[in-house]
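Taking it in order: structure first as structure tokens, then the write-up.
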Amino acid sequence: MQTNTNNRPGTVQTARLRLDTNRIKGDFPILEEKINGHRLVYLDSAATSQKPTVVINAILDFYRHKNANIHRGIHSLAEKATAAYEHTRQRVAHFIGDVDPEEVIFTRGATEGINLLAFSWGEANIEEGDEIVITEMEHHANLVPWVILAQKKKAILKRIPITLCGHLDLSNIDEIITPKTKLLALTHMSNVLGTVNPVAELTELAHRQGAIVLADGAQAVPHMAVDVKALGVDFYAFSSHKMLGPTGVGVLYGKRALLEAMPPFNMGGEMIREVHFDRITWNEIPHKFEAGTPDIANVVAFEAALTYLEELGMDKIREHEIALTKYAIGRLSEIDGLEIQGPQEAELRGGAISFTDHDIHPHDISTFLDTKGIAIRAGHHCAQPLMRILGKIATARASLYIYNDEADIDALIDALIDMRRYFGV
Ligand code: 7TS
15 MQTNTNNRPG
25 TVQTARLRLD
35 TNRIKGDFPI
45 LEEKINGHRL
55 VYLDSAATSQ
65 KPTVVINAIL
75 DFYRHKNANI
85 HRGIHSLAEK
95 ATAAYEHTRQ
105 RVAHFIGDVD
115 PEEVIFTRGA
125 TEGINLLAFS
135 WGEANIEEGD
145 EIVITEMEHH
155 ANLVPWVILA
165 QKKKAILKRI
175 PITLCGHLDL
185 SNIDEIITPK
195 TKLLALTHMS
205 NVLGTVNPVA
215 ELTELAHRQG
225 AIVLADGAQA
235 VPHMAVDVKA
245 LGVDFYAFSS
255 HKMLGPTGVG
265 VLYGKRALLE
275 AMPPFNMGGE
285 MIREVHFDRI
295 TWNEIPHKFE
305 AGTPDIANVV
315 AFEAALTYLE
325 ELGMDKIREH
335 EIALTKYAIG
345 RLSEIDGLEI
355 QGPQEAELRG
365 GAISFTDHDI
375 HPHDISTFLD
385 TKGIAIRAGH
395 HCAQPLMRIL
405 GKIATARASL
415 YIYNDEADID
425 ALIDALIDMR
435 RYFGV
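Heads up: the sequence shown at position 285 corresponds to 299 in our numbering, and the numbers run straight through without jumps.
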């Protein structure tokens, strides 16, 4: 948390961006929209990313040429649809570090993946007095399921605090993660502070105490190369819609032995092997966790998003975002008195930049920016406990992705300066 007293325009160097944003912008038809008479400056990708033409076309292509239900039909179309759906699973497995595709479960999103774990693994493994460790910077998706599970099981919920700079405070970590810890559930990248957490180090620590680890990768996977095997985590959850893919699709990666030992989450078609009126056996993973007809078209189209990201290169995407985040924080810091949350160093964070400006309500900031065609998010960002710790009712948040460049940041800064005039700050 910093209040900037430095008001020297022109001190920020231009960003050395790694991606050709002019070309990339052309791949996203929505960026041609006019919003309130202005070009759309989309700075809300932490909520959901925009979709390139290849993804939009993949959805159309599925319904035009491949539509059938999967894993059950014997006819050609059903085989085509099944093959396309399973192909995405293989692509996801490769994308997150060459895991076994059977360890990739399709869900509706990160939220559903975490709920799956809480209900299935949590029900079977958490007992009275066990400890579940989370952090103070969790999104409600990785918080509410654990609060409820802990209450139900009379387990103890512990949390890793944050420092004033928005990092995890690990000074007392040995008192927080102990032999009583059954689960460490932490975000890989904060959607409010942008902080990138030391998931590999904390996983090692948790494993030494016999705990399992879930990382919430909803904000990390879209923005950096993620190798779940290198991180060592047992489970990793994320959403397609924040990484250029369609809504309604998510992934829960889990280690085979753990998944095999877990009871199913949803019951119905597809997740069974044999059903009698008095006994039922479960299907193999991943099908055991994919009851009913999934979002086939959108899973299939998710593959186009993965290809698009891979062609740009995840390392290049990360470098682009570090450079643009550095530029954005530098330019925001030129506005005297504007308060930025989270780490100041771009290398230690992602491009979700939360800020407040004097007592202008973040909703008013967002509404004013919208009149200029600039889309940001304002509110508690589904992290109410974190907001209380920061002493804020809400923040404004600009969040960056591959199609953003310096011109977008400059438009934001100009609009914020206009806003101050408007509100008399
Ligand atoms: N975890 C994190 C860290 C997130 O940022 C989000 C969504 C989720 C989980 C849940 O993802 P979902 O796809 O299941 O909804 N975050 C945000 C956000 O910051 N603004 O809108 C959604």
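C-beta: ideal position from N, C-alpha, C; glycine also. Everything numeric in this text was worked out from a predicted model, so none of it was measured.
With a floor of 4 residues, list each alpha helix (DSSP H) that falls wholly inside the region 208-237, ordered by position along the chain.
213-222
Measuring only from the beta carbon, is N211 closer than 7 Å to any heavy atom that is part of the ligand 7TS?
N211 has its CB no nearer than 7 Å to any heavy atom of the ligand 7TS.
If you draw a straight line from the C-alpha of E218 to the C-alpha of E189, how long is it?
15 Å
Along the chain, where does the alpha helix (DSSP H) that runs through D424 open and close?
Segment E420 to F437, the alpha helix (DSSP H) holding D424.
Under DSSP, the beta strand (DSSP E) around F120 begins and ends at which residues?
It spans V118 to T121 - the beta strand (DSSP E) in which F120 sits, taken as one unbroken run.
With I146 as the anchor, note down where its beta strand (DSSP E) starts and where it stops.
It spans E145 to T149 - the beta strand (DSSP E) in which I146 sits, taken as one unbroken run.
Where does the unbroken alpha helix (DSSP H) through E348 begin, and where does it stop?
Per DSSP, E348 belongs to no alpha helix (DSSP H) and is neither H nor E.
Note down the Cα distance separating V263 from T125, rounded to an integer number of angstroms.
10 Å
By the three-class DSSP mapping on this structure, what secondary structure does I49 have?
strand
Cβ atoms of I388 and A425: under 8 Å apart, would you say?
yes
In terms of residue numbering, what span does the beta strand (DSSP E) encompassing E284 cover?
From DSSP, E284 is part of no beta strand (DSSP E); its letter is neither H nor E.
How about V147 and K168: do their beta carbons lie closer than 8 Å?
No. Outside cutoff.
Please identify the residue among L228, E325 and M433 whose C-alpha is closest to the C-alpha of G127.
L228
Under the criterion of a Cβ to heavy atom distance below 7 Å, does N156 qualify as lining the ligand 7TS?
yes
Can you name the start and end residues of the alpha helix (DSSP H) that D188 belongs to?
Its alpha helix (DSSP H) spans residues I187 to I190.
Can you tell me whether N312 sits near the ligand 7TS, meaning its C-beta is under 7 Å from at least one heavy atom of the ligand?
no
Suppose contacts are defined by Cβ-Cβ distances below 8 Å. Is A239 in contact with D114 by that definition?
In this structure, D114 does not lie closer than 8 Å to A239 by Cβ.
Out of G282, H395, E317 and L338, point me to the one whose CA is closest to D75's CA.
E317
With a Cβ-Cβ cutoff of 8 Å, do V439 and H372 count as a contact?
yes
Would you kindly work out how many angstroms separate the C-alpha atoms of M281 and V118, rounded to a whole number?
The alpha-carbon atoms of M281 and V118 are separated by roughly 18 Å.
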